[in-house]
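2 protein chains.
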Amino acid sequence: MADKVTSLLVAERAGVSQSAVSRVFTPGASVSKKTADKVRAAASELGYRPNVLARAMVSGKSRIIGLVVAYLENQFYPVAIEKLSKALQKHGYHVLVFMAAETIENIDSVMDEILDYQVDGIVIASVAMSSEIASRCDAAGVPVVLFNRSQDIDDITSVTSDNYAGGRKVAEFLLAGRHQKIGYIAGWEGASTQRDREAGFISALKEADCALAARQVGDFQTEQTRIAARKMFDVPDDQRPDAVFVANDHMAIAVMDVIRFELGLKIPDDVSVVGYDDVPPAAWLAYNLTTIRQRANLMVDETVKALREHIENPQEAITRRVAIDGPLIVRGSARLPKGWIG
Amino acid sequence: MADKVTSLLVAERAGVSQSAVSRVFTPGASVSKKTADKVRAAASELGYRPNVLARAMVSGKSRIIGLVVAYLENQFYPVAIEKLSKALQKHGYHVLVFMAAETIENIDSVMDEILDYQVDGIVIASVAMSSEIASRCDAAGVPVVLFNRSQDIDDITSVTSDNYAGGRKVAEFLLAGRHQKIGYIAGWEGASTQRDREAGFISALKEADCALAARQVGDFQTEQTRIAARKMFDVPDDQRPDAVFVANDHMAIAVMDVIRFELGLKIPDDVSVVGYDDVPPAAWLAYNLTTIRQRANLMVDETVKALREHIENPQEAITRRVAIDGPLIVRGSARLPKGWIG
DNA sequence: ATGAAAGCGCTAACAA
DNA sequence: TTGTTAGCGCTTTCAT
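Chains as they are written, first to last, in our numbering: chain A, 407 to 748; chain B, 407 to 748.
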C-alpha cells in the first residue's frame, strides 16, 4: 500500500508551504497563478487529493448530509432518493444513509449516530421524530428537513406534496364520476401524509353531503392492505363500495390485485380505484392507476434549497413548511365523469 | 448553538485524563469500573458523543462504506441497498451513496470522490469500473466489492447470482414446456449479468439443438425494451416467438405490457414470458411473472463478509468471485411443462 | 501573495 | 490501570 499523499508532501515537491497547497485547493483563496501551477503540477504527479475528513475537522463542514429512510419498498422513496442524491452531489454534498424502523425510539438512536458523523444537515424521509431530538439537532446547529412528512407541534422545516388538496381532488373526481358508495383505505395512521390525505378527502365528500361508505387501515403494508381490501370488498354486492381511495399507490396495487384476482371483480366497471404518489408502476398498463402525482423533482429542489439556506446562512434561514400541489393523473382504474375531457 | 462537548471537557468534569475518556468509549480497552462509571456519568450529563470524524483521522478507520449505484428504477437495487445498509449498520458501518451514470469515465471520477472520504471499503452495484481505478483503490488499501456485476479481466472480488446457471434453467424450463420458437431480449450488452444470462441460456438451447428464434436488445431501459418487444412480436403469427426470456424482470414487465395491451396477445397462451431477479412486482398478480430469483439476502451477506475480511485482515484476505445459485420461481407467465408439479 | 504556527477532537505509544 | 505526549491532515489566523 503506497504512502498517503499529504498536502505537506505536495508542498515540499512544489517548493512552497503547506498553506499554499491548501489555498490552491480552496476555491476563492488568493494564490498567484505561478504558485497555483507549481502546486497543481506537483499534486497531479503525486496523485494528491485533499482528505475530506481532515478538512471537515478544522473547517467544521463535512459536506455530508444524513438521510434517514424507513422502507424502500414503496417506489416513491428510491426514486426520490436518487434525485436527492444527484441534486446534492451537484452542490458538493454526499448522502450518508441510515435505515430506520418506524418507531420513534429507533429514530432517535439513529439520529444520535448521524450526529456523530458531524453531518452538515439531515433529511428525514418517511418518518417522524421526537421534539427532543429535534432540539438536539438545533443545539448542534444541524438543520433538519422532513421529507414527505410534516409535524404540527414542532417548528421543523418540511417538504411535502399538498396532501390535503390532493385528497380533495380525489373526492371531487370520484363524486363527479357519480360514485355512490365510496370507501377509503388508510395508511399508517401516525403519518401526517395519511392524515392529511384522508382529511382532505373526507372534507370534500362532506361538502357534497356524502358520507364515507367504508374505511379500513392498510398501514402502508402489503399484507395488511390485502386484509383491508378483503374486509371492504368481500361482501354482498349491494354493500360493496363502488369506489375506493387508497392512501398510496403501493397499497392501491395490492388492493387492485385482491379486487380483480381474488374476488373476480372488474376495475373500473365494478369498482373504481384511485391511489396517491404516481410511482412508476402506476403507469404500467396492467394497473393503469389513476392517482395524484407527487412531484418528486420539485420536492427535492425545495429540500436542497432549504438545506443549503440553513447551512450557508444559519442566522437568517427560517423554518418553512412547503406543500407542493400535485395534479390528478387520470388513467383507467376509475370510471370517468360524464363528458370528461382527458 | 451550544458549545461542542469534547472528550477533554468530559475528562475535566470526571476528574480523569482525556485518554481515560477515550478508553471508556473504545470497546475492549482496559478501564476500571470506577473510572468508567465516572466518565459515563460526566458524559451523559454533558451529552457527550465521540466525534466519528476525529476518530477516523487518527485511527485511519472511518467506518464509512462508499456505495456506487447507477439506477434505482430497477427494484432489485433499492431492495438490495436496504438490506446492505442494514447489515452494515449492524457492524457499525454506514453507507455513503454516490449516484453514477453508467459510463466508465463517470465511474472513475466518482471513485475519486469516494476515496476523498477515506472510506473503509467500496461497494459498486450495477456498474463496471476501469482497471486503472481498481488498482488505485488497491494502492490506497481500500477493498472493493462488485455487487451484481463481475469483471473477467481484473482480479476484483465480486458477488453475483449464478447468472450462467440461471440462464440455463430458463432454457430448460422453456424447452420442457415444448416451446418451438424461443426469443431473447437482452439487457445492456456491457453488463456481465446480461452476458452470462444469455450465454447460459443459449448454451442450454444449443444442447437441445434449438436455435434462438429472435433476439432484441432492451438495454435495461423501459422505452428501449418496448421497442424491442414490438420488433419481436409485432409480426405475422407464424413468425412470432411462442416464448421469450427477458434479461431482467424490470424489462420483462414492459414486454408483457406490449404483448398484452398493445398487441392483444395472451400470456401464456400465445406467448410465454420469463424474467430474471424476482423483484417484488414479479409477484403482483397482474404480472405473476415466472423468473429466476436473485437471493439478495445471501448476496448481501457475502458482500458484507468479504468487505469485513478485507478491512480487518488486509493481508490474508483474498479476492473471490461468489456466484450464488438462484431458484426458478414458477408463476403464471409461462406455459408449464406437461406433468409439471409445482 | 505567502509562510509559520497553532489547533480541530481524538487515539496510540509510552511510561509510570 | 492510568496519565503524558505526540500527531492524524488539514485550514486558519497572523505576520511578513
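Glycine residues also receive a C-beta, built at the ideal position from the N, C-alpha and C atoms.
Asked                                                                                                                                                                            : Found
T563/A and T725/A: beta carbons closer than 8 Å?                                                                                                                                 : yes
Comparing alpha-carbon positions, which option in P433/B, A486/B, Y454/B lies nearest L704/B?                                                                                    : A486/B
Would you say L777/A faces chain B, with C-beta separation under 8 Å as the test?                                                                                                : Any answer about residue 777/A is impossible in this case: the structure gives chain A only from 407 up to 748.
Grouping DSSP H, G and I as helix and E and B as strand, with all else coil, what is L669/A?                                                                                     : coil
From the beta carbon of Y499/B, is the nearest beta carbon of chain A less than 8 Å away?                                                                                        : no
For the candidate residues V680/A, D443/A, I539/A, N694/A, whose alpha-carbon lies nearest to that of R574/A?                                                                    : V680/A
Are the beta-carbon atoms of G589/A and P647/A separated by less than 8 Å?                                                                                                       : yes
Checking 8 Å against the spacing of the C-beta atoms, do V437/B and R429/B come in under that value?                                                                             : yes
From what residue to what residue does the beta strand (DSSP E) around F504/B run?                                                                                               : 500-505
State yes or no: is the beta carbon of F504/A nearer than 8 Å to at least one beta carbon in chain B?                                                                            : yes
So Q600/B packs on A653/B, CB below 8 Å; how close in whole Å?                                                                                                                   : 5 Å
Please list the terminal residues of the continuous alpha helix (DSSP H) segment that includes F482/B.                                                                           : 482-496
Determine which residues share a DSSP beta bridge with R727/A and list them.                                                                                                     : S564/A
Apart from the five residues on each side of it in sequence, which residues of its chain come closer than 6 Å, Cβ to Cβ, to A420/A?                                              : K444, V445, A448
Under 8 Å between the Cβ atoms of G738/B and R699/B?                                                                                                                             : no
Should A426/B be counted as a contact of the ligand NAD given a C-beta to heavy atom distance under 7 Å?                                                                         : Absent from the structure shown: the ligand NAD. Ligands present: none.
Tell me Y523/A's beta-bridge partners as DSSP assigns them.                                                                                                                      : According to DSSP, Y523/A bridges with nothing at all.
With C-beta atoms as the reference, is P484/A less than 8 Å away from L478/B?                                                                                                    : yes
Would you call I559/B buried or exposed, if buried means 16 or more other Cβ atoms sit within 10 Å of its Cβ?                                                                    : exposed
Got a sec? Which residues, its chain only, sit under 7 Å from E366/A by beta carbon, not counting five neighbours each side?                                                     : The requested residue 366/A does not occur in the structure, where chain A is confined to residues 407 to 748.
Can you find the residues in the same chain that come closer than 8 Å, C-beta to C-beta, to F607/A, ignoring five residues on each side of it along the sequence?                : G573, R574, V576, A577, Y590, F651
Name the two residues that bound the continuous beta strand (DSSP E) containing R621/A.                                                                                          : 620-623
Please determine if the stretch 655-672 of chain B and the stretch 626-633 of chain B are in contact, where contact requires at least 3 C-beta pairs separated by less than 8 Å. : yes
Whole angstroms are fine: how far does the CA of I665/B sit from the CA of Y693/B?                                                                                               : 12 Å
Any idea what DSSP makes of L478/A, helix, strand or coil?                                                                                                                       : coil
What residues of chain B sit near V458/A, judged by a beta carbon separation below 8 Å?                                                                                          : D522, Y523, Q524
Considering Cα atoms alone, identify which of V501/A, E595/A, E668/A is closest to V475/A.                                                                                       : V501/A
With 8 Å set as the bound, which would you pick, yes or no: does the beta-carbon of L691/A sit closer than that to a beta-carbon of chain B?                                     : yes
Roughly how many angstroms separate the alpha carbons of V677/B and S567/A, rounded to a whole number?                                                                           : 41 Å
Enumerate, from N- to C-terminal direction, the unbroken alpha helix (DSSP H) stretches of 4 or more residues contained entirely within the stretch 580-643 of chain B.          : 598-613, 628-639
Can you pull the chain A residues whose beta carbon is under 7 Å from the beta carbon of S468/B, in chain order?                                                                 : L459
With distances taken from CA atoms, which of A592/A, F626/A, W746/A, D522/A is nearest T412/B?                                                                                   : D522/A
For V533/B and V728/B, which I take to be in contact (beta-carbon distance under 8 Å), what is that distance rounded to the nearest angstrom?                                    : Going by Cβ atoms, the distance from V533/B to V728/B rounds to 18 Å, so no, they are not a contact pair.
Determine the closest residue to V706/A out of V551/A, V464/A, A426/A, with distance taken between C-alpha atoms.                                                                : V551/A
Between V547/A and P674/B, what straight-line distance do the alpha-carbon atoms span, to the nearest angstrom?                                                                  : The displayed chain sequence assigns Gly, not Val, to residue 547/A. The alpha-carbon atoms of G547/A and P674/B are separated by roughly 59 Å.
For the putative contact between D684/A and I735/A, defined by C-beta atoms under 8 Å, what is the C-beta separation to the nearest angstrom?                                    : 5 Å
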